[in-house]
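Sequential numbering of the sequence shown, starting at 912, is according to this note's numbering. We put the CB at the ideal spot given by N, CA and C, even for glycine. Notes follow the structure.
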Amino acid sequence: MIIDDRHYDVIIIGSGAAGGTIAAALSEAGHAVLLLERGGSMPLADQNLAGVELFRKDRYHPNERWFGTDGDPFAPQTIYAFGGNTKIWGGVLERMREREFAGLPLQERQAPAWGLSYADMEPWYAEAERLYRVHGQRGSDPTEPQGTAPFGFAPKPVEPFLSALADDLQRHGVHPYRLPLSWSESSRDPSGDAELFGVEPARQRVEVVVRGGAAVQRLHVNPSGSEVRGVEALIDGQSWLFSGHQVVLAAGAINTPAILLRSGSDHHPRGLANGSDQVGRNLMKLQLTSILQLASEPNDGRYGRGFGVNDYLWGDQNVSFPLGSIQSGGGVLQDALFAESPPVLSLVTKLLPDFGLEQLASRSITWWAMSPVLPDPHNRVSLRNDHIQVNYRVNNFEAHDRLVYRWIDTLKAVEADPLTRVVRGAPTHPRGEAPLSAIGYACGTCRMGENPASSVANLQGRTHEVANLTIADASLLPACPAMGFGLTVIANALRIVEGLSSVLR
Ligand SMILES: Cc1cc2nc3c(=O)[nH]c(=O)nc-3n(C[C@H](O)[C@H](O)[C@H](O)COP(=O)(O)OP(=O)(O)OC[C@H]3O[C@@H](n4cnc5c(N)ncnc54)[C@H](O)[C@@H]3O)c2cc1C
């Protein structure tokens, strides 16, 4: 094993939404930071792939197999690169709504409260939106949090046919709003990401060492098991050992628990920081269903997400429990989630030559229906002979079904309207639920809370059992938000930096 003789103030593991953001914030404060990332730099052309290739190659799947609920191996859609999953995200950066922090009364049962309020997070949301250059327009979404200052950047332009469709929806009493989007304003790069806004600024600082191709295997503790003394990473086939005053785990909701489970010792027989047996449990994955609508005129299938609809967020005319949110999807040839789902599209791509997919894309307008799920201790990440095993059964699916049917009814009403021009009626609206492999919206596997018996880390992300170990990524979320939570991960990471700074002074 090669031992790095430098001692860092902080070692950060993973450079995605949480890790990249923390690297920038800590380095700006002048701390000596080592950022370990298992991937490398993803070329611009790869990250913004827009074409049939998105479907044909095994794009955006690392050369790794995980085991699913049925015991069979599967290829997860996850990015190992500087920036992590933000390299291919839709860039929609939403704040959680105030009442979500108290725990939503979902159809099956009440979701857990966060132990934090919206007011606790508000300053960090504002900072996160500034850092990630979120472009948007306040005031058009009736559910948006109260008293929020305007976005610093005007909304990103959307395709004219989407604007026309938003007008059509408005005529039918729907309240579409411009999605808040992270954007660098570079025409070559349709979204901002954690490499651009996190890793790159950190890299400019002399106190910071950024190492790509460094896959952290396990953490080593002192003889009493109370502190991490060494971070072991595999670099070019060689084992390296790094040491730091503080260690921040930000390897994402699947790999963070996997690293902890691999790091068991005499003092931590079930895995590091796992006295509560909660490491890896309570995996939540936003429920996602894509819905296709027939466009009247061809489009090029290469554009980003544009509008959201939260009219059914808290329920509808029939039920008073939350259903979820709707987003206009990106073009079929650009929104990476479509390559994973729905199966109906994947099937078409296998059966038809390139032209078929281009044609399908050019005639489609896409939507995503998103609903929260509840934490369930049986939904978990564990290890099977050192490989990742994911056991997952969806819950709260009736609420999601209602959302999907409600939205299809709305689409049908708009299509039947003689004033509508950009979409046309169709006998069916093809739709498909995202499969287990679409794992990008995972959270909850090392949840934070004040009670060490039921959580892995406290509300500052500090693990209950290991003094210098902090968790900072999506695995901390105690409940699943009703829409994408990338901004919440970033804001929470910034909040965690404040706590870390106090032990680094
Ligand atoms: C196709 C797609 C579209 C999405 N669109 C949106 C959207 O529009 N809005 C939204 O809010 N969210 C979106 N998401 C979800 C969002 O990307 C995640 O919620 C967010 O990135 C989670 O941040 P994280 O820091 O927890 O993990 P990640 O961003 O995944 O970062 C984890 C990092 O850790 C690294 N890593 C893993 N294991 C190790 C190891 N052993 N050693 C070293 N490094 C390691 C990884 O390579 C990665 O860089 C999308 C996700 C996908 C996949």
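When rounded, the separation of the alpha-carbon atoms in A1378 and H1156 is 10 angstroms.
Looking from the CA of A1184, the closest CA among E1376, M953 and V944 belongs to E1376.
Its Cα nearest to that of L955, the residue S1098 stands out among S1098, W1318 and E1033.
Note that the C-beta distance between H1046 and W1094 is below 8 angstroms.
By a beta-carbon distance limit of 8 angstroms, I913 contacts W1151. Their separation comes to about 5 angstroms.
Here A1349 is near Q988, since their CB atoms are less than 8 angstroms apart. A1024 has its alpha-carbon roughly 43 angstroms from the corresponding atom of D1211. Per DSSP, the unbroken alpha helix (DSSP H) holding Q1081 starts and ends at P1071 to R1082. At a Cβ-Cβ threshold of 8 angstroms, I923 and A934 count as neighbours. Closest option to A1345, judged by alpha-carbon separation, among R1317, A1368 and F1249: F1249. Contact check for G1215 and P1101: beta-carbon distance about 5 angstroms, within the 8 angstroms limit, so the pair qualifies.
Cβ contact annotation for L1314 (same chain, cutoff 6 angstroms, sequence separation greater than five): Y1223, L1234, G1235, A1280 and S1282, in chain order. For W1318, the uninterrupted alpha helix (DSSP H) segment begins and ends at F1308 to E1326. Apart from the 5 residues on each side of it in sequence, S1273 sits with its Cβ closer than 8 angstroms to the Cβ of A1206, P1209, N1210, D1211 and G1212 in its chain, given in chain order. Listed in chain order, the alpha helix (DSSP H) elements of length 4 or more contained wholly in the segment 1362 to 1386 amount to none.
Taking 4 residues as the shortest admissible run, the segment 1213 to 1258 contains the following complete alpha helix (DSSP H) segments, listed from N- to C-terminal end: 1247 to 1251. With contacts defined as CB atoms closer than 8 angstroms, I1382 and T1167 qualify as a contacting pair. For L1330, same chain residues with a beta-carbon under 8 angstroms away, outside a window of 5 residues either side, are D1079 and R1082 in chain order.
In this structure, S926 has its beta carbon less than 7 angstroms from a heavy atom of ligand 1. A distance below 8 angstroms separates the beta carbons of I1401 and T932. Counting only residues of its own chain and dropping the five nearest sequence neighbours on each side, L1160 has a CB closer than 6 angstroms to the CB of I924, T1167 and I1382.
When the alpha-carbon of V1333 is set against those of A1077, A1013, A929 and N1133, the nearest one is in A1077. As DSSP reads the structure, M1195 sits in a beta bridge with C1354. Straight through space, the alpha carbons of V1121 and S1176 are spaced by roughly 28 angstroms. Relative to the non-hydrogen atoms of ligand 1, the Cβ of E948 comes within a distance shorter than 7 angstroms of at least one. The straight-line gap separating the alpha-carbon atoms of P1061 and Y1043 is approximately 15 angstroms. In terms of side-chain proximity, the C-beta atom of L937 is found no nearer than 7 angstroms to any non-hydrogen atom of ligand 1.
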